[in-house]
Amino acid sequence: MVLLNDKQNDYRINFNSLGAPVSVEITCCGRHIGEMRLKDGEERKCTQCQTVHIVAMGHNHFHIRRR
Ligand SMILES: [Zn+2]
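This is the structure:
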């Protein structure tokens with residue numbers, strides 16, 4: 000297992016040409032596990048550690064949470 004790896008867990012936010020955030024690419028356990036649209040309730044599960052990554056939209060903001 001590689002411990003000296005600061006990309007073990009990473010969220011990459013993609014923006015459209017107008018500068019609005021549109022999606023988030025998730026890296027968990029050092030692997031790219033998928034891309035979520037910024038839509039309330041979108042989620043991806045890491046099959047390695049079973050962590051579920053969830054998008055929670057607010058009025059003028061969003062959260063990316065783990066469960
Ligand atoms: Zn994981």
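The sequence shown begins at 0 in numbering that gives the first Met the number 0 and counts up one residue at a time.
Every residue, glycine too, gets a C-beta built ideally from N, C-alpha and C.
The model shown is predicted, which means the values in this text are computed figures rather than measured ones.
- As DSSP reads the structure, N15 sits in no beta bridge.
- In the three-state reduction of the DSSP assignment, H60 falls in the coil class.
- Apart from the 5 residues on each side of it in sequence, F61 sits with its Cβ closer than 7 Å to the Cβ of L37, V54, A55 in its chain, given in chain order.
- Around ligand 1, the residues selected by a Cβ distance under 6 Å to any of its heavy atoms are C27, C28, C45, Q47, C48, T50, following chain order.
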